[in-house]
Amino acid sequence: MKRYLTYLLGCMLLAQSTQAANWPQWRGPNFNGFTDESNLPERWSKTENLAWTKDLPGSSAATPVIWEDKVLISSTDETNQTLLAICLDRKTGTIQWSNKVAVGMRRDDRSNFASPSPLTNGKQAIFFYGNGELVAFDMDGKKLWGFNLEKKWGEFCFQWTFSSTPLLYGDTLYIQVLQRDIPVHGRGFKDKPNESYIAGLNPATGEVKWKTLRPSDARMESLEAFSTPMPYTHDGRTEILVVGGDDITGHDPETGKEIWRWGTWNPKRITHWRLVPSPIAGAGIALACAPKKDPIYAVKLGGKGKLNDGALAWVSNDQRSLSSDVPTPAFAYEDFFILSDVRGALSRVHPKTGEIKWSLELPGRSKFEASPLVADGKVYLMNFAADVVVVDASNGTIKATIPMGERGDNMTRSMITAAHGNLFIRANNKLYCVGN
Numbered sequence: 057m058k059r060y061l062t063y064l065l066g067c068m069l070l071a072q073s074t075q076a077a078n079w080p081q082w083r084g085p086n087f088n089g090f091t092d093e094s095n096l097p098e099r100w101s102k103t104e105n106l107a108w109t110k111d112l113p114g115s116s117a118a119t120p121v122i123w124e125d126k127v128l129i130s131s132t133d134e135t136n137q138t139l140l141a142i143c144l145d146r147k148t149g150t151i152q153w154s155n156k157v158a159v160g161m162r163r164d165d166r167s168n169f170a171s172p173s174p175l176t177n178g179k180q181a182i183f184f185y186g187n188g189e190l191v192a193f194d195m196d197g198k199k200l201w202g203f204n205l206e207k208k209w210g211e212f213c214f215q216w217t218f219s220s221t222p223l224l225y226g227d228t229l230y231i232q233v234l235q236r237d238i239p240v241h242g243r244g245f246k247d248k249p250n251e252s253y254i255a256g257l258n259p260a261t262g263e264v265k266w267k268t269l270r271p272s273d274a275r276m277e278s279l280e281a282f283s284t285p286m287p288y289t290h291d292g293r294t295e296i297l298v299v300g301g302d303d304i305t306g307h308d309p310e311t312g313k314e315i316w317r318w319g320t321w322n323p324k325r326i327t328h329w330r331l332v333p334s335p336i337a338g339a340g341i342a343l344a345c346a347p348k349k350d351p352i353y354a355v356k357l358g359g360k361g362k363l364n365d366g367a368l369a370w371v372s373n374d375q376r377s378l379s380s381d382v383p384t385p386a387f388a389y390e391d392f393f394i395l396s397d398v399r400g401a402l403s404r405v406h407p408k409t410g411e412i413k414w415s416l417e418l419p420g421r422s423k424f425e426a427s428p429l430v431a432d433g434k435v436y437l438m439n440f441a442a443d444v445v446v447v448d449a450s451n452g453t454i455k456a457t458i459p460m461g462e463r464g465d466n467m468t469r470s471m472i473t474a475a476h477g478n479l480f481i482r483a484n485n486k487l488y489c490v491g492n
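Residue numbers for the sequence shown follow our numbering, beginning at 57 and rising by one.
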């Protein structure tokens, strides 16, 4: 019996270490922008301290996802105007497989359909696109299942191109569509309201386990969200956090049923406040970043039903550096790391009080919209021009600034990821594996 328990414990530790070494989805192995990877590169260039560089067939804001020796990436093919699901060898950058998913690239000039990041559990490689295409392959590139969400549940009703990345947690794939209720640009139902919803799917088969509506009192564009649902466990209760439509909500991971709701940061019901940052939680606190230059709201977790403002731990009303219109904050080393694209600042913040431990004014004039990576005592940031800024997480000093873009790069939004001792940087049409 003792030998069996030792073996079982060893298997559990091996599984945990394997998961930690991978970067399986957009916000990483811990769903918070942090990994416990160590000995990560601090200095490099486009020609030095690189394992490999790969030209990609098109641009995208999708984050590279890593599982063992495979790198998954969503891409456009700008020559053929198609959407691609690509797998590369992590050690060499060689393309192992590339599958065409659909024809068509974009509905506006701000982004394209390949903006959502892929996800994997080591068995299925799942790709979602802003035109509704949802497809799963095995790790060798064989298609397992696929369908189009717009054809199944109705055309997405957004001012801009829909780009929410799904969540893969446990044995469920979570899809969030928070959209406006009336047609826009000719899209959406004309004879009935366009309903916002959350759905749970079986990642192995694509079977829909449940689909639940997610109502809101928001109006017009303020109903729209480009955020990703995030899991968090507090006092033994696991929830799926969803933010958008002027509210933050917690949901039962098994059914999607709403457990609690707090709102609103928009009491005047301004109609053009679409939401981009995803929820982030740590130390029993969940952050909701109001749009534009409005504050961040820290909600104490553990409540049920409709919460009032007594559930707020703090609001960043007087701290101008604490706001985010696009990037999602990270949680690491028992603190939040908040990147403000509208203020050009990075701050380390105490989760329960909102106290700013340090704040850094970021260099240059290019905007930072890619969410931060925190790892190995450092914060990795990348701006529109694909300049990478490496910051000391302990004191907020800049350790290095490294240009990784090409001439004309001005819309780099992909988050830097870390796995197996390397950094993976997508600068529009190029993918870099940094480190030896």
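Glycine residues also receive a C-beta, built at the ideal position from the N, C-alpha and C atoms. All of these numbers come straight from a predicted model, not from anything done at the bench.
Just how far apart, CA to CA, sit D443 and D125?
Along the sequence shown, read from residue 1 onward, the residue named residue 443 stands at position 387. Along the sequence shown, read from residue 1 onward, the residue named residue 125 stands at position 69. Each residue's Cα considered, the two are about 27 Å apart.
Since S171 and G186 should fall inside the 8 Å C-beta cutoff, what is the C-beta to C-beta distance between them, to a whole number of angstroms?
Within the sequence shown, numbered from 1, the residue matching residue 171 stands at position 115. Within the sequence shown, numbered from 1, the residue matching residue 186 stands at position 130. Taking a contact as a CB-CB distance under 8 Å, the pair S171 and G186 counts as one, their CB atoms being some 6 Å apart.
T327 beta carbon less than 9 Å from that of T284
Here residue 284 corresponds to residue number 228 of the sequence shown, with the count starting at 1. Here residue 327 corresponds to residue number 271 of the sequence shown, with the count starting at 1. No, the pair does not count as a contact, with Cβ atoms beyond the cut-off.
How many Å lie between I238 and A255 at the Cα?
Taking the first residue of the sequence shown as position 1, residue 238 is located at position 182. Taking the first residue of the sequence shown as position 1, residue 255 is located at position 199. Rounded to whole angstroms, I238 to A255 spans 21 Å at the Cα level.
Take G211 and list the residues in its own chain whose beta-carbon comes closer than 7 Å to its own, dropping the five residues that flank it on each side.
For the purposes of this step, residue 211 is identified with residue 155 of the sequence shown, where counting begins at 1. Inspection of the sequence shows that residue 211 is occupied by Glu rather than by Gly. Once the five neighbours on either side are set aside, the close Cβ partners of E211 are R243, G244.
Between the CA atoms of N168 and T132 - distance to the nearest angstrom
The residue you call residue 132 lines up with position 76 of the sequence shown. The residue you call residue 168 lines up with position 112 of the sequence shown. Between the alpha carbons of T132 and N168 lies a gap of roughly 8 Å.
Helix, strand or coil: which one does DSSP assign to K209?
In the sequence shown, the residue the question calls residue 209 occupies position 153. The identity of residue 209 in the sequence shown is Trp, whereas the question assumes Lys. Correct three-state label for W209: helix.
K147 versus W108, S116, T138, R162, residue with shortest Cα-Cα distance
To locate residue 147, count along the sequence shown from 1; it is residue 91. K147 has its Cα closest to that of W108, out of W108, S116, T138, R162.
Short of 6 Å in beta carbon distance, which residues of its chain neighbour R275, apart from the five on each side in sequence? Order them along the chain.
The residue given as residue 275 occupies position 219 in the sequence shown. The residues are R325, T327.
Taking all protein chains shown into account, do 16 or more other C-beta atoms lie within 10 angstroms of the C-beta of R270, making it buried, or fewer, making it exposed?
Residue 270 sits at position 214 when you count from the first residue of the sequence shown. The residue is buried, with at least 16 neighbouring Cβ atoms inside 10 Å.
Count Cβ pairs between the stretch 391-403 and the stretch 356-366 that sit closer than 8 Å; are there 3 or more?
no
Would you report the Cα separation of L279 and P351, rounded to the nearest angstrom?
On the sequence shown, position 223 is the one that residue 279 refers to. On the sequence shown, position 295 is the one that residue 351 refers to. Computed Cα separation, rounded: 18 Å.
Going by DSSP, what residue range makes up the beta strand (DSSP E) through P287?
What you label residue 287 is simply residue 231 of the sequence shown in a count that begins at 1. Per DSSP, P287 belongs to the beta strand (DSSP E) from 286-290.
Flag this pair as yes or no: are the beta carbons of M471 and S422 separated by less than 9 Å?
Against the sequence shown, residue 471 aligns to sequence position 415. Against the sequence shown, residue 422 aligns to sequence position 366. Against a cut-off of 9 Å, the Cβ pair of S422 and M471 comes out as no contact.
Host beta strand (DSSP E) of S171 (start-end)
Position 115 of the sequence shown, counting from 1, holds the residue named residue 171. Per DSSP, S171 belongs to no beta strand (DSSP E) and is neither H nor E.
Could you check whether S396 and L368 sit closer than 9 Å to each other, using their CB atoms as the reference points?
Counted from its first residue, the sequence shown places residue 368 at position 312. Counted from its first residue, the sequence shown places residue 396 at position 340. Not a contact, by the Cβ cut-off of 9 Å.
For T261, which residues of its own chain have a beta-carbon under 7 Å away from its beta-carbon, when the five flanking residues on both sides are left out?
As a working note, residue 261 is residue 205 in the sequence shown. Only W201 meet the Cβ criterion.
Along the chain, which unbroken stretches of the beta strand (DSSP E) at least 3 residues long are found entirely within the stretch 436-467?
443-448, 454-459
Quick one, which of T457, G464, T468, M286 has its alpha-carbon nearest P385's?
Along the sequence shown, read from residue 1 onward, the residue named residue 385 stands at position 329. The shortest Cα separation from P385 among T457, G464, T468, M286 belongs to M286.
Within the continuous beta strand (DSSP E) that includes L395, where are the two ends?
Along the sequence shown, one-based indexing puts residue 395 at 339. L395 -> beta strand (DSSP E) spans 391-396.
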